[in-house]
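K.L.:
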Amino acid sequence: MTAQKVTLKPYGVASAVVDYKYSGATTGLGTLYFDDYGQRSNLYMDVVEMGNRKRGYTLTLGADQYMYSANPKEEGIKMQNPIMKDLVGKQHANVETITKMVYGQMGFQKTGAIIFLDKECEVWTGDKGFAWIWKGIVLKMKYQMRGQETLQEATAVTLNAAIDEALLKVPENVEFTEMPTFSF
């Protein structure tokens with residue numbers, strides 16, 4: 001019997017650009033770019049957190065994550081996301097499995113559904129907040145971290161978007177330091 005290779009699909013749509021606004025303890029804007037059903041994604045954030053402005057990217061290529069600043073320091077960190085690493089190659093790694101694993105690890109439970117931005121979202125709630133998820137994509141989430149509350153809210157979702165290929169590749173001009181795997 002031949003092993004069947006299964007492609008990991010974190011999101012239920014092939015490609016999109018999702019614009020976000022942040023309010024509460026963290027304020028500002030963000031944009032998520034992805035293709036290949038989320039196998040390749042990049043989240044750009046320009047936010048103020050605890051009085052400090054932060055501009056940077058989180059590039060995800062399979063289980064590898066690269067975080068780097070938008071400033072000319074040309075330094076970043078590389079790490080592996082343990083949830084994605086565990087799911088790579090598993091036959092049942094689909095949007096539902098990934099959503100349940102990610103939000104379950106955060107202590108959330110699926111509690112219902114809601115329409116937001118004309119999309120039917122799953123509602124996940126927990127002691128530290130809630131998340132409204134559409135096809136694996138966060139459209140609205142409120143969470144508490146270090147006693148501070150932040151609201152992340154999608155303002156626009158553009159499906160089948162053409163993504164600049166440079167956003168989905170490891171930048172050559174950034175030196176990355178390998179970090180240990182993180183966990184929830």
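Under the working numbering, the letters of the sequence shown match residues 1 to 184, in that order.
Ideal Cβ positions, reconstructed from N, Cα and C, are used throughout, including at glycine.
1) By the DSSP assignment, the beta strand (DSSP E) with Gly28 in it spans what residues?
2) Which residues does DSSP list as the beta-bridge partners of Met79?
3) Is there contact between the segment 18 to 32 and the segment 41 to 54, where contact requires at least three CB pairs shorter than 8 Å?
4) Determine the closest residue to Met145 out of Ala156, Lys128, Asp164, with distance taken between C-alpha atoms.
5) What number of angstroms, rounded off, separates the C-alpha of Lys78 from the C-alpha of Phe116?
6) If I follow the unbroken beta strand (DSSP E) through Lys142, where does it start and stop?
7) Tyr22 and Gln152 look like a contact to me (Cβ under 8 Å); what is the Cβ gap, rounded to whole Å?
8) Comparing C-alpha positions only, which one of Met141, Pro10, Ala16, Gln109 sits nearest to Ala156?
9) Check whether the Cβ atoms of Gln105 and Ala25 sit closer than 7 Å, and answer yes or no.
10) Excluding five sequence neighbours on each side, which residues of the same chain lie with their C-beta closer than 7 Å to the C-beta of Gly107?
11) Going by CA-CA distance only, name the one from Thr27, Ser69, Lys54 that's closest to Asn173.
12) Sort out for me which residues DSSP pairs Lys42 with in a bridge.
13) With DSSP run on the structure shown, which of helix, strand or coil describes Val47?
14) Measure the C-alpha to C-alpha separation of Val18 and Glu74 and round it to an integer number of angstroms.
15) Applying the 10 Å Cβ sphere with the 16-neighbour rule, what's the burial state of Pro180?
16) Check for me: the beta strand (DSSP E) holding Gly190 runs from which residue to which?
17) Going by alpha carbons, who is nearest to Val13 out of Gly136, Thr150, Cys121?
18) Starting from Ile115 and walking both ways along the beta strand (DSSP E), at which residues does that stretch end?
19) Taking Leu167 as the reference, which of Thr99, Glu96, Leu61 has the closest Cα?
P.N.:
With the given structure in hand:
1) On the sequence shown, position 28 is the one that residue 28 refers to. Where Gly28 is concerned, the enclosing beta strand (DSSP E) stretches over 26 to 35.
2) Numbered from 1 along the sequence shown, position 79 holds the residue referred to as residue 79. Met79 pairs with Gln65.
3) yes
4) What you label residue 145 is simply residue 145 of the sequence shown in a count that begins at 1. Residue Lys128 is the option with its Cα nearest to Met145.
5) As a first step, residue 78 must be located in the sequence shown, where it is residue number 78. As a first step, residue 116 must be located in the sequence shown, where it is residue number 116. Roughly 34 Å between the two C-alpha positions.
6) Taking the sequence shown and counting its residues from 1, one reaches residue 142 at position 142. Residues 137 to 145.
7) For this step, residue 22 is matched to residue 22 along the sequence shown. For this step, residue 152 is matched to residue 152 along the sequence shown. Rounded, the Cβ-Cβ distance is 6 Å, consistent with contact.
8) In the sequence shown, residue 156 corresponds to position 156, counting from 1. If we check each option's Cα against that of Ala156, Ala16 comes out closest.
9) Taking the first residue of the sequence shown as 1, we reach residue 105 at position 105. Taking the first residue of the sequence shown as 1, we reach residue 25 at position 25. Between Gln105 and Ala25, the gap from beta carbon to beta carbon reaches 7 Å or more.
10) Taking the sequence shown and counting its residues from 1, one reaches residue 107 at position 107. Hits under 7 Å: Gly126, Asp127, Lys128.
11) Taking the sequence shown and counting its residues from 1, the one referred to as residue 173 is at position 173. Minimum Cα distance to Asn173 is reached at Ser69.
12) Walking along the sequence shown from the start, residue 42 turns up at place 42. It is Asn, not Lys, that sits at residue 42 in the sequence shown. Answer is Tyr33, Leu59.
13) Against the sequence shown, residue 47 aligns to sequence position 47. When DSSP states are grouped into helix, strand and coil, Val47 belongs to the strand group.
14) Here the question's residue 18 lines up with position 18 in the sequence shown. Here the question's residue 74 lines up with position 74 in the sequence shown. Each residue's Cα considered, the two are about 26 Å apart.
15) In the sequence shown, the residue the question calls residue 180 occupies position 180. Answer is exposed; the Cβ neighbour count stays below 16.
16) The requested residue 190 is not part of the displayed model; the chain covers only 1 to 184.
17) Along the sequence shown, read from residue 1 onward, the residue named residue 13 stands at position 13. Nearest option by C-alpha distance: Gly136.
18) The residue given as residue 115 occupies position 115 in the sequence shown. Unbroken beta strand (DSSP E) run through Ile115: 109 to 116.
19) One-based indexing of the sequence shown puts residue 167 at position 167. When only C-alpha atoms are compared, the closest one is Leu61.
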